[in-house]
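Note sheet for the following structure.
Listed below in structure tokens is the structure:
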């Protein structure tokens with residue numbers, strides 16, 4: 014199938030290296046995911062960020078798990094096909110960080 018891509022799970026060392034480059038993110042071992050909490054001015058600001066993330070996620074066909082309460086957004090990035098963090102998660106984390114730079 015043309016839609017399928019070869020994806021691999023990053024090792025613990027590779028995740029640590031990537032997290033050093035992504036200081037806003039941490040590793041959630043329970044979810045086997047990259048995690049970031051964002052707090053903005055209000056719900057509208059968070060919703061705007063979520064919309065930007067959603068558009069970026071659709072373009073690369075890789076979608077976050079997230080939870081929103083008022084001005085707070087928790088984002089988890091994991092690749093279910095490999096049951097852990099893949100290069101696709103790192104790429105989306107970088108893209109998300111770029112929205113606030």
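In the numbering used here, the protein residues as written are 14 to 114. Ideal Cβ placement from N, Cα and C applies to all residues, glycine included.
For residue 44, which residues in the same chain have their Cβ closer than 8 angstroms to its Cβ, ignoring the five residues on either side in sequence?
Cβ neighbours of residue 44 beyond the five flanking positions: 78, 89 and 91.
In chain order, what residues of the same chain lie with their CB nearer than 6 angstroms to the CB of residue 97, ignoring the 5 residues before and after it?
Excluding positions up to five away in sequence, the list reads 22 and 45.
If the criterion is Cβ atoms closer than 8 angstroms, does the pair residue 58 and residue 84 meet it?
Closer than 8 angstroms, so yes.
How would you label residue 54, buried or exposed, when you count the other beta carbons within 10 angstroms and need 16 or more for buried?
Exposed, by the Cβ-count rule.
Going by the beta-carbon positions, is the gap between residue 13 and residue 109 smaller than 8 angstroms?
Lying outside 14 to 114, the shown extent of the chain, residue 13 is not represented and no answer is given.
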